[in-house]
Amino acid sequence: MITDTDLKHLARCVELARMALEKGDEPFGSVLVSAEGKVLFEDHNHVAGGDHTQHPEFELARWAANNMTPEARAQATVYT
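Spelled out as structure tokens, the structure:
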């Protein structure tokens, strides 16, 4: 079931996607949220520069790998 909290984070993904579109990228945005509900990291698409690995999901995964324990990553949620 989708909660009000889920909807809030998904709405932020849409805002980030709009930002990407305004910058000439494809409209994708992602948010990483801790088990406690804290937004840890967010990003939007950056592939217009030619690096097609600059999807927000990849950036969230890189950030999480460098900044979170395996346990914290397992309990976090990615919204996209």
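Residue numbers (the numbering used here): -14 to 65. Note that the Cβ used here is the ideal one computed from N, Cα and C, for glycine as well. Note that the structure is predicted; figures quoted are calculated from it, not measured.
Query - Neighbourhood of Cys(-2) by C-beta, 7 Å cutoff - its chain only, sequence neighbours within 5 removed - result: Here the question's residue -2 lines up with position 13 in the sequence shown. Here the set comprises Gly14, Ser15, Val16, Tyr64, Thr65.
Query raised in the report: Hey, out of His(-6), Ala49, Glu11, whose CA is closest to Gly35's CA?
Result: The sequence position of residue 35 within the sequence shown is 50, counting from 1. The shortest C-alpha to C-alpha distance from Gly35 to any of His(-6), Ala49, Glu11 is the one to Glu11.
Query raised in the report: Can you list, in chain order, the stretches of the beta strand (DSSP E) that have 3 or more residues and sit fully within the region 3 to 40?
Result: Qualifying beta strand (DSSP E) stretches, in chain order: 14 to 18, 24 to 29.
Query raised in the report: So Ala20 and Gln60 are in contact, right, with Cβ under 8 Å, and what is the actual spacing, rounded?
Result: For this step, residue 20 is matched to residue 35 along the sequence shown. For this step, residue 60 is matched to residue 75 along the sequence shown. Rounded, the Cβ-Cβ distance is 4 Å, consistent with contact.
Query raised in the report: For Thr(-10), which three-state DSSP category applies?
Result: On the sequence shown, residue -10 is found 5 positions in, with the first residue counted as 1. Here Thr(-10) sits in helix by DSSP.
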